[in-house]
Structures are given as structure tokens and as C-alpha cells.
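Here the protein sequences line up with chains A and B, keeping their order.
Each residue of the first sequence is one higher than the one before, starting from 72 at the first, in the numbering used here.
Each residue of the second sequence is one higher than the one before, starting from 72 at the first, in the numbering used here.
All remarks here apply to the structure that follows.
Protein chains: 2
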Amino acid sequence: MDNDTFRKNAHQFVDWMADYMENIESYPVKSKVQPGEVKSRVPDSAPQWGEEMDTIFKDFENIIMPGISHWQHPGWFAYFPANSSPESVLAEMLTAGLGVQGMIWDTSPSATELEEVMMRWLRDMLGLPGDFTGVIQDTASTATLCALLSARERITHFNINEKGFQQTLRVYTSSQTHSSIEKGVKIAGFGRENLVLIDTDDRFAMNPKALEQAIRKDLDQGLIPCCVAATLGTTSSLAMDPLDAIGPICQKHKIWLHVDAAFAGTAAIAPEHREFMKGVHHADSFVFNPHKWMLTNFDCSAYFVKQPDILRRTFSILPEYLKTRADDQVNNYRDWGIQLGRRFRALKLWFVIRSRGVEGIRHMVREHIRLAQWFADQVKDHKDFELTAPTSLTLVCFRHVRPGLGEDELTTLNRTLLERINASGEVYLTHTVLNGKYSLRMSVAQRNTLQRHVENAWQITREIAREIEDQAGDTTL
Amino acid sequence: MDNDTFRKNAHQFVDWMADYMENIESYPVKSKVQPGEVKSRVPDSAPQWGEEMDTIFKDFENIIMPGISHWQHPGWFAYFPANSSPESVLAEMLTAGLGVQGMIWDTSPSATELEEVMMRWLRDMLGLPGDFTGVIQDTASTATLCALLSARERITHFNINEKGFQQTLRVYTSSQTHSSIEKGVKIAGFGRENLVLIDTDDRFAMNPKALEQAIRKDLDQGLIPCCVAATLGTTSSLAMDPLDAIGPICQKHKIWLHVDAAFAGTAAIAPEHREFMKGVHHADSFVFNPHKWMLTNFDCSAYFVKQPDILRRTFSILPEYLKTRADDQVNNYRDWGIQLGRRFRALKLWFVIRSRGVEGIRHMVREHIRLAQWFADQVKDHKDFELTAPTSLTLVCFRHVRPGLGEDELTTLNRTLLERINASGEVYLTHTVLNGKYSLRMSVAQRNTLQRHVENAWQITREIAREIEDQAGDTTL
Chain A
72 MDNDTFRKNA
82 HQFVDWMADY
92 MENIESYPVK
102 SKVQPGEVKS
112 RVPDSAPQWG
122 EEMDTIFKDF
132 ENIIMPGISH
142 WQHPGWFAYF
152 PANSSPESVL
162 AEMLTAGLGV
172 QGMIWDTSPS
182 ATELEEVMMR
192 WLRDMLGLPG
202 DFTGVIQDTA
212 STATLCALLS
222 ARERITHFNI
232 NEKGFQQTLR
242 VYTSSQTHSS
252 IEKGVKIAGF
262 GRENLVLIDT
272 DDRFAMNPKA
282 LEQAIRKDLD
292 QGLIPCCVAA
302 TLGTTSSLAM
312 DPLDAIGPIC
322 QKHKIWLHVD
332 AAFAGTAAIA
342 PEHREFMKGV
352 HHADSFVFNP
362 HKWMLTNFDC
372 SAYFVKQPDI
382 LRRTFSILPE
392 YLKTRADDQV
402 NNYRDWGIQL
412 GRRFRALKLW
422 FVIRSRGVEG
432 IRHMVREHIR
442 LAQWFADQVK
452 DHKDFELTAP
462 TSLTLVCFRH
472 VRPGLGEDEL
482 TTLNRTLLER
492 INASGEVYLT
502 HTVLNGKYSL
512 RMSVAQRNTL
522 QRHVENAWQI
532 TREIAREIED
542 QAGDTTL
Chain B
72 MDNDTFRKNA
82 HQFVDWMADY
92 MENIESYPVK
102 SKVQPGEVKS
112 RVPDSAPQWG
122 EEMDTIFKDF
132 ENIIMPGISH
142 WQHPGWFAYF
152 PANSSPESVL
162 AEMLTAGLGV
172 QGMIWDTSPS
182 ATELEEVMMR
192 WLRDMLGLPG
202 DFTGVIQDTA
212 STATLCALLS
222 ARERITHFNI
232 NEKGFQQTLR
242 VYTSSQTHSS
252 IEKGVKIAGF
262 GRENLVLIDT
272 DDRFAMNPKA
282 LEQAIRKDLD
292 QGLIPCCVAA
302 TLGTTSSLAM
312 DPLDAIGPIC
322 QKHKIWLHVD
332 AAFAGTAAIA
342 PEHREFMKGV
352 HHADSFVFNP
362 HKWMLTNFDC
372 SAYFVKQPDI
382 LRRTFSILPE
392 YLKTRADDQV
402 NNYRDWGIQL
412 GRRFRALKLW
422 FVIRSRGVEG
432 IRHMVREHIR
442 LAQWFADQVK
452 DHKDFELTAP
462 TSLTLVCFRH
472 VRPGLGEDEL
482 TTLNRTLLER
492 INASGEVYLT
502 HTVLNGKYSL
512 RMSVAQRNTL
522 QRHVENAWQI
532 TREIAREIED
542 QAGDTTL
């Protein structure tokens with residue numbers, strides 16, 4: 072493709088993108104295609120000869136677009152969001168245009184050095200202690216794996232890296248923790264049986280006494296406590312593990328404390344919502360995802376560590392072909408994680424933070440929390456609904472209730488409710504199970520979400536619940 | 072930022088990007104900034120209030136651009152390339168605009184299903200056996216780690232995932248292999264001491280007899296052979312490990328065979344260059360990077376496996392909050408790798424392959440190989456230069472020689488030569504060491520590279536070599 076064709080198509084695409092953002096509410100937020108529908112429309116093998124971009128783009132609109140669930144739709148209340156923003160998209164355009172691979176300082180000094188500064192900006196924006204140093208990872212799953220590996224190597228004096236496992240190391244986390252902890256524990260060779268799930272309190276937060284007991288029990292049996300993975304903002308209910316109680320326990324037993332604040336971390340940018348960070352200075356590592364709630368295109372996960380030398384030593388490799396004259400004077404981020412190759416992700420952070428300013432991001436955080444609180448209030452005040460967890464920041468866990476129904480019937484009822492809500496095309500919620508209760512998750516943090524969208528979600532929820540009730544009155548549920 | 076501002080800026084950026092591509096030769100291919108120069112120009116903390124995009128963009132041009140090494144410059148002969156293409160950049164724009172996170176089928180069916188089809192296209196384009204199934208990973212480092220973990224779990228019947236290490240498992244690779252193998256071996260808990268480096272022949276390819284001996288020796292000592300990581304196209308010299316000899320050894324001993332063809336894989340798209348793939352049907356897993364030589368923006372690594380159920384079982388997690396109604400009918404790629412979150416990477420493959428056609432990509436491959444061969448011929452025919460490895464596909468390893476100089480002096484001489492070549496701003500080469508010989512790596516595979524760029528590289532190399540010689544004549548080297 073020559074440059075003029077690129078220029079012409081790129082301008083067209085810009086208008087398409089701007090129109091898409093403008094009209095995003097005209098799309099059903101959750102795709103309505105059936106399994107296999109998209110792939111049935113794509114040929115089985117590659118074309119022998121090149122095709123025109125206009126043809127390809129038409130197929131994009133006709134084949135791909137119907138199979139898109141619209142993460143940037145203001146009715147996106149599913150999972151956690153993956154917010155982008157116009158500023159971030161602009162930066163991604165430049166990033167793609169430059170096509171830089173920043174594995175080491177030499178291969179684009181700006182990529183490395185801007186990343187260093189952006190990590191300092193983020194650290195200070197969240198009020199993290201000044202002795203944290205940061206690196207961008209793709210996802211919190213990867214960052215958590217890095218933490219587990221660093222913990223593994225610190226406690227064994229880098230001996231597993233060298234000789235492999237020769238002892239049983241234990242990892243502790245709450246029963247509400249994200250699946251990535253278990254995944255990381257398996258990958259790093261600890262074994263799932265050595266992941267100790269600690270009970271939670273009635274707010275679904277880790278019980279520090281139970282943690283201490285589990286550690287003591289392991290010590291008595293000659294097992295080696297290695298890492299505690301605490302969560303600030305669990306996936307199911309945004310529960311906050313109490314770092315100020317967990318931290319001293321870790322310190323006493325010399326256990327690595329990793330903090331997963333993947334979604335909730337962004338809230339700390341607003342000082343009045345920073346309470347949950349109390350005790351974070353005890354952490355050895357901390358991760359939060361600007362790609363979730365901080366307007367930055369997926370992927371961009373901010374990983375902070377207190378001792379970068381441990382991280383680097385865990386991952387360091389230096390083959391001849393990667394040596395450069397600058398090695399002694401610069402950061403080579405290839406040694407700060409799993410992958411060698413690295414995209415230039417700092418650029419979108421720079422664009423977003425500068426364009427919004429810290430106050431702009433704070434404002435968004437406050438609005439989302441206010442909207443979630445509003446939704447929670449409606450649920451609380453309505454006799455046909457109940458909260459199934461304390462509302463934390465932006466996440467409302469709730470369910471429809473009806474007198475006389477058992478747990479199984481309530482599950483069926485709420486599953487039906489969820490499916491019909493999502494079929495509306497206006498709202499996309501997901502679910503979880505809390506204390507055995509099948510619950511709807513209303514996660515209010517999509518960049519475009521306004522009061523009216525949350526009101527609409529509440530109205531649709533009530534209407535569909537009533538419809539189901541009416542139908543159940545006619546026949547049986 | 073409102074939509075009109077986005078539209079205005081995005082159009083400006085498109086013109087900037089098109090101009091950049093058009094004028095890329097006016098930039099020095101390797102950045103000339105000094106360590107610390109870029110970060111000294113970025114404020115230490117984030118701005119409190121938002122700034123105008125025009126201001127931010129000016130800083131991008133003035134602060135960031137001087138610190139960019141231009142991977143898309145036709146004088147990029149360093150490392151391996153990370154080719155983009157206009158088509159790929161167009162797709163990246165749409166990907167950023169949609170802001171989709173395709174962790175599971177539900178969250179954008181098109182992302183999952185297009186990925187399935189693209190992996191089939193790639194498999195067939197490379198002539199890989201039809202029983203391979205593919206998934207996109209970010210980098211070959213990650214794919215290789217996936218292979219090591221799958222091997223680990225297959226041989227232990229998923230017992231390390233469950234209980235942790237209880238045996239010593241051995242991994243075999245050549246002494247010329249990429250550093251990611253060692254990194255993966257450490258991460259997965261094998262221990263570096265259990266990575267057995269197999270000797271290579273005079274073409275730097277793994278010696279199958281030495282492999283067999285190493286395996287037998289381990290078996291005699293009660294160690295468990297787990298995985299052989301073979302390379303098609305080593306980083307130092309693009310050496311090809313002989314799969315047709317290695318495969319049967321792996322089969323006999325029931326060892327996982329992983330094939331890393333990160334760069335060279337693309338060559339297989341041209342049938343007459345596919346020779347090196349002989350025996351690939353023995354592989355359990357195979358990786359190559361469309362983001363290196365196949366016009367697709369970094370990152371995009373194509374990972375193929377024969378038994379996807381082993382891959383899935385190695386990584387599978389299914390917390391309540393990720394369950395969907397479609398789970399039984401669809402692929403959920405979250406279980407095919409380390410990360411949970413996934414970008415919509417298949418789109419750029421679709422754009423690139425359709426826009427170029429298989430023939431278009433073949434043409435590029437053939438041209439690059441022809442150009443490298445031309446350069447190798449010049450080196451061979453010149454008394455002041457010598458090849459330090461057989462020229463394979465697109466990589467010429469060579470050095471400047473001068474009568475009467477010892478190895479150390481030759482190293483100093485060629486290091487100086489390399490630095491001065493790279494300071495020219497027109498050409499960017501890197502180095503390696505082969506059989507103790509400090510060598511320049513001329514890697515000819517940047518998309519924009521034409522005959523005149525390779526001729527220019529050869530001319531600059533000779534001129535600078537002569538300059539150094541003249542200066543050495545005046546004083547001492």
C-alpha cells in the first residue's frame with residue numbers, strides 16, 4: 072500500500088472512529104451474534120492476491136462489527152471496564168505509526184525514559200510511598216506472576232532460578248482473590264496445593280487473624296511461607312483486604328507482600344477515597360491497571376516494586392547480541408518482566424494524564440463512585456431487590472428477591488433477569504456468587520457513563536424483573 | 072476531550088504519520104540522544120490541570136521524537152526488524168478506536184473467531200501440518216514459556232500445577248539458542264542448571280548426536296528429559312536446527328519438541344525457502360512472529376500446538392465471574408496463555424494478509440533474501456572482510472579483517488567500525504560473537520529496504536573501515 076492510499080484510508084478511518092464514538096449508543100452493548108456466526112463468514116484460507124482496502128473495510132463493517140461487544144458503550148457495566156479515551160486513541164495512533172519496539176534503551180531511548188517518568192507520575196498520583204519504582208506490564212496477571220517469582224527468588228536467594236525447586240513454598244491469598252493468583256502459582260511451580268486460601272470477613276475482606284494462623288500452622292509443619300497476595304478491590308465485590316493488619320504479619324515473618332489493586336487503584340487518585348490504601352507502605356509490590364479505570368487503552372498495567380534489583384535479578388539475561396555501550400547508564404526494561412519485546416506504552420499514559428490533568432481524572436473517579444452509590448441506594452430502598460455485598464467504590468452487587476423462593480429458584484430467577492437485561496442491548500451486566508448467592512454485578516466505571524445511563528440500567532432492571540414476575544404469575548417460573 | 076477535538080487532532084496525526092512514513096529516511100535510524108536526555112525534559116510530576124493537545128503534540132515532536140530509534144527506517148539492519156505496514160497501522164487505529172478486550176468469546180465474539188481463522192490462514196501459509204491449532208501470543212518469549220509449561224505438565228500428568236515440583240526435569244537446547252529459553256526455564260521452576268546446552272556444528276546448528284547423548288546421560292542418572300527447544304533461525308546467525316533428525320529423538324524418548332522460528336518462520340511462506348521446516352511435523356509446538364518479518368505491528372506472535380487441550384488444561388481457571396452461557400460452544404482464549412486480558416490482535420493480521428495477499432508477502436520475503444545474498448557476496452569478494460557464519464536467509468554475519476591483528480585487536484577494530492557506522496544515522500547494525508569472533512550482524516528484512524539501501528550500507532561500511540585504517544596508519548589503532 073502506498074502512502075497516498077494510506078493517507079486517504081486513514082482519514083476515512085478517523086471519521087469512522089469519531090462517528091463510532093459519537094454514535095456508540097446506537098450499537099447493542101453486548102454482541103448478539105451466535106457462536107460460529109462470525110467465522111462462518113470469513114474464508115478458510117488466505118487470499119492469494121491482494122485486495123483493496125475498501126473491500127476489506129466493508130467486511131470489517133459487515134462481518135466484524137456485529138460480533139463486537141462495545142466496551143466503550145456507556146451501558147457497559149460488565150466485569151471491570153477497559154476504558155479508552157480520545158487522547159489515548161490518539162497516542163495509540165502515533166505508537167502504531169512509529170512502530171517502535173522498546174526492549175532496551177538503545178532501541179528507543181524515549182520509550183524507556185518516558186516510562187520511567189510516567190511510573191513516577193502514577194506513583195505520586197496514587198499516593199504510593201516514594202520508595203516504589205515502576206514498570207509497565209501488559210496485565211495484572213503478568214505483574215502478579217512477576218511478584219510471585221520475585222518472592223520465590225528472594226526467599227531462596229535466587230536458588231530456584233538456578234537449581235529448580237528443592238523446598239515447599241507457600242502462598243497465601245483470600246478466598247475472594249482473582250484467578251490470576253492461582254494461575255501464577257501454577258506457572259511459577261509452587262503447585263495449587265501450596266496456595267492457601269484465607270477466610271474472609273462479612274465484607275469479603277481477608278481475615279488477618281486467619282492469615283496469621285495459617286502461617287503459624289505452616290511453620291509448625293516445616294513449610295516455608297513465601298508470599299501473601301492481598302487484594303484491594305476483589306473482582307466479585309471490590310472488597311479491600313486490610314493492609315494495615317496484613318502488612319505487619321508479613322513483616323514479622325519476612326513474607327513478600329504483593330498487592331493487587333488492578334481496578335481499584337485508580338480511586339486512590341482522589342485523596343478522600345484513598346482510605347483503602349492504608350498500610351500500602353508494607354507492600355513489596357503493587358499493581359494497578361490504568362487500562363481499566365484510567366482512560367488508557369488496554370493493555371497498560373502499572374507494576375511497582377520496592378526493590379527493583381530483585382525484579383531485575385529474577386529476570387536478568389544478557390546474551391551478547393543484546394549488549395550495548397549504554398548498559399551501565401540506563402534502564403533496560405527487558406529485565407523487568409517476562410517478555411523481551413516491549414511496545415511503547417508510556418506514550419498513551421503521557422497523553423491521557425496531560426490532557427486530563429490529575430484533577431480531570433479525580434473528577435471522573437468521584438462521579439463514578441457517586442453514580443454507583445446512587446444505584447446502590449435505589450436497590451436498598453426497593454423491596455424486590457437486595458444488596459448481596461457492601462457497596463465498595465463503583466461496584467454494586469445485588470439480586471432480585473421474591474418471597475418464598477429458595478436459593479436455587481433465586482439463582483434461576485436472577486440468571487434469567489441477567490440474560491434479559493443483557494439482551495436489551497442497552498445495558499451489559501455480569502454476575503458472581505457471594506456467600507452462595509447468585510448476584511448481579513453493576514460495575515459503574517465506563518468513561519462515557521452518565522447519570523442517565525445508570526438510571527436507565529435501574530429502570531430496565533426493574534421492568535424486566537416485573538415482566539418475569541408477570542410471566543411467572545401466568546404460568547410457572 | 073470532545074469528539075470534534077478528537078476528529079481534528081486525529082486528522083492532523085494522520086497527516087503527520089503519512090509524512091513520517093514518507094520522510095523516514097530524513098531521520099537518523101538510531102537515536103543520537105544521550106542517557107538521561109529525554110527524561111530531563113519531562114517534568115517530575117503530573118500536571119494538576121489538563122493541557123491542550125497541541126501543546127502535548129509539540130512536546131511529542133520536540134522531546135520524544137529525538138529519542139526514537141526508527142524501526143521502520145529502511146536502514147534498519149539491527150537485531151531483527153519489527154515491521155509494520157500501512158495496512159497494519161490502519162488496523163491498529165480501528166483496534167484502538169474500538170477498545171475491545173477479548174479475554175473471552177462473550178466480550179467480543181469477533182475477536183475470538185477472527186483469531187481462530189487467522190491462525191488457520193497462517194498455518195497453511197507456512198505449510199505447517201493441518202493438525203496444528205493456533206493462538207496469538209504477545210511475544211515468542213511468552214509462547215516459549217507456554218511450551219515449557221505444557222511440556223512440564225504433560226510429562227507430570229499436570230502434577231506440578233497441582234502439587235509443585237517433586238522431580239528434576241531437563242530441558243535441552245542448543246548453545247546458540249535465544250535467551251528466552253533460559254528465562255522460561257527459570258520462570259517455570261526447572262532451574263537453569265537443568266537447561267542442557269547442546270553443542271552445535273560448524274553451521275551453528277544443534278548437533279543431534281550430542282542431543283541424543285545428553286538425553287541418554289540424563290536417563291542414566293535418573294533425570295527426566297522433558298522438553299527440547301529447537302530453533303529455526305538463531306538470533307546470532309539464523310542457524311537452523313535439523314528438525315528431521317531431532318524430531319525422531321524426541322519421539323523415541325517422549326520429549327516435548329518446541330520449535331522457535333520467531334524470525335525465520337515467515338520465510339516458509341515462500342515454498343522454495345521452506346527447506347528449513349523439514350521435520351516440523353514432529354513438533355508439539357511452534358512459534359513465529361508476524362510482528363518481525365510479516366508486516367504486522369508489534370506485538371503479534373503466532374503460537375501453534377498439536378494438542379490444544381494440554382495448553383488449555385495447563386492454564387485453565389474458571390472463576391464464577393468469568394462463566395458464560397456460551398462456554399461449551401466456543402473458544403475462550405483466556406485459557407490459552409498467561410494473561411487473562413487480550414487485545415484484538417487478529418484484526419491487523421486480517422488487514423495485512425488480505426491487503427498483500429500471500430503472493431505479496433512471498434515477494435517481500437524473496438526480495439529480502441536476495442538483498443542479503445547480494446551483501447554476502449560483496450563481503451565474500453572483498454579481501455578486507457570475511458563472513459563469520461554461513462549466510463542464512465536474510466542475515467549476514469561478517470567482520471572487517473586486517474593482516475597481523477589478533478582476536479582482541481579485531482574485536483576492538485570491529486566494535487569501532489560498528490559504532491561509527493551507527494553514528495552515520497543512515498544505517499543501524501548490531502553485533503554478536505560467533506566462535507569467539509566479534510561479528511557485525513547485517514539483518515536485511517525491514518519492509519522499506521531496497522537494493523539502494525543495502526548498497527549504501529555496504530558503501531558506508533567500506534568507507535568507515537578505510538577511514539579507521541587511515542587513522543590507524545597515522546597513529547596507532
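A virtual CB, placed ideally from N, CA and C, is assigned to each residue, including glycine.
Exercise for the section: Flag this pair as yes or no: are the beta carbons of A:Val100 and A:Gly138 separated by less than 7 angstroms? Expected result: no
Exercise for the section: Residues of the segment 420-449 of chain A with a CB closer than 7 angstroms to any CB of chain B: list them in chain order, please. Expected result: Phe422, Ile424, Arg425, Ser426, Arg427, Gly428, Val429, Glu430, Gly431
Problem - Cβ-based neighbour list, A:Glu132, same chain, cut-off 6 angstroms, excluding 5 preceding and 5 following - result: none
Practice task
Reducing DSSP to helix, strand and coil, say where B:Leu548 ends up.
Solution key: Bear in mind that a pLDDT of 46 at B:Leu548, under 50, signals an unreliable position, so the model cannot answer this.
Handout entry: Beta carbon proximity, B:Ile139 to chain A, threshold 7 angstroms
Key = yes
Problem - Local Cβ density within 10 Å of A:Trp120, reported as buried at 16 or more and exposed below that - result: exposed
Problem - Local Cβ density within 10 Å of A:Ala81, reported as buried at 16 or more and exposed below that - result: buried
Handout entry: Contacts of A:Asp115 in chain B (Cβ-Cβ under 7 angstroms)
Key = Arg191
Exercise for the section: Can you tell me the Cβ-Cβ gap for B:Ala300 and B:Val242, rounded? I've got them flagged as a contact below 8 angstroms. Expected result: 7 angstroms
Practice task
Buried or exposed for B:Pro296, please, with buried defined as at least 16 other CB atoms from any protein chain shown within 10 angstroms of its CB.
Solution key: buried
Handout entry: Residue-chain proximity (B:Thr210, chain A), Cβ-Cβ < 7 angstroms
Key = yes
Problem - alpha helix (DSSP H) runs wholly inside the segment 84-124 of chain B, at least 4 long, in chain order - result: none
Exercise for the section: Consider the Cβ of B:Ser250: report whether some Cβ of chain A lies at a distance smaller than 7 angstroms. Expected result: yes
Problem - Neighbourhood of A:Glu497 by C-beta distance below 7 angstroms, restricted to the same chain and skipping five residues each side - result: Val100, Gly146, Asn527, Ile531
Exercise for the section: Please name the residue or residues paired with A:Tyr374 in a DSSP beta bridge. Expected result: A:Val206, A:Val358
Exercise for the section: Check the Cβ-Cβ distances between B:Asn265 and every residue of chain A, and say whether any is below 7 angstroms. Expected result: yes
Exercise for the section: Within the same chain, show all residues whose beta-carbon is closer than 6 angstroms to that of B:Arg405, passing over the 5 residues directly before and after it, in chain order. Expected result: Met174, Ile175, Leu411
Problem - CA-to-CA distance, A:Gln172 to B:Ala443, given in whole angstroms - result: 23 angstroms
Exercise for the section: Taking only runs that begin and end inside the segment 280-340 of chain B, name each unbroken alpha helix (DSSP H) of 4 or more residues, in chain order. Expected result: 314-324
Practice task
May I have the straight-line CA-CA distance separating B:Ala403 from B:Thr183, to the nearest angstrom?
Solution key: Before going further, note that residue 403 of chain B is Asn rather than Ala in the sequence given. Roughly 7 angstroms separates the two Cα atoms.
Problem - Rounded straight-line distance, which links the Cα of A:Asp90 to that of A:Met72 - result: 25 angstroms
Exercise for the section: With 7 angstroms as the threshold, decide whether the Cβ of A:Tyr392 is near any Cβ in chain B. Expected result: yes
Problem - Which listed residue (A:Lys508, A:Gln105, A:Gln208) has its alpha carbon closest to that of A:Asn362 - result: Strictly speaking, residue 362 of chain A in this sequence is His, with Asn absent from that position. For the residues A:Lys508, A:Gln105, A:Gln208, the minimum Cα distance to A:His362 belongs to A:Gln208.
Practice task
Go to B:Ile381, then tell me how far its alpha helix (DSSP H) extends in each direction, as first and last residue.
Solution key: 379-386
Practice task
Give a yes or no on whether the minimum CB-CB distance between A:Ser155 and chain B is below 7 angstroms.
Solution key: yes
Exercise for the section: Measure how close the beta-carbons of B:Ile388 and A:Ser250 come, nearest whole angstrom, since I'm counting them as under 8 angstroms. Expected result: 4 angstroms
Handout entry: Proximal residues of chain A, C-beta to C-beta of B:Ile347 below 7 angstroms
Key = Ile is not the amino acid found at residue 347 of chain B; the sequence shown has Phe there. Chain A residues near B:Phe347: none, gap ~20 angstroms exceeds 7 angstroms.
Handout entry: Own chain partners of B:Leu548 with C-beta closer than 6 angstroms, once the 5 adjacent residues on each side are dropped
Key = Bear in mind that a pLDDT of 46 at B:Leu548, under 50, signals an unreliable position, so the number given afterwards is only what the model happens to contain. Cβ within range, chain order: n/a, list empty.
Practice task
Assign B:Gly477 to one of two classes, buried (16 or more other C-beta atoms within 10 Å of its C-beta) or exposed (fewer than that).
Solution key: exposed
Exercise for the section: Could you tell me the boundaries of the alpha helix (DSSP H) in which A:Leu161 lies? Expected result: 157-169
Exercise for the section: Determine contact between the segment 316-329 of chain B and the segment 264-283 of chain B, defined as no fewer than three beta-carbon pairs at a distance below 8 angstroms. Expected result: yes
Practice task
Can you grab the Cα-Cα spacing for the pair A:Ser212 / A:Ala335, in whole Å?
Solution key: 15 angstroms
Exercise for the section: Could you please tell me which residues of the segment 87-110 of chain B, in chain order, have their CB closer than 7 angstroms to any CB of chain A? Expected result: Met88, Ala89, Tyr91, Met92, Glu93, Ser102, Val104, Pro106, Val109, Lys110
Handout entry: Nearest-angstrom Cα separation, counted from B:Cys298 out to B:Pro152
Key = 29 angstroms
Exercise for the section: Could you tell me whether the Cβ of B:Asn368 comes closer than 7 angstroms to any Cβ of chain A? Expected result: yes
Problem - Helix, strand or coil at A:Arg241 [DSSP, three-state] - result: strand
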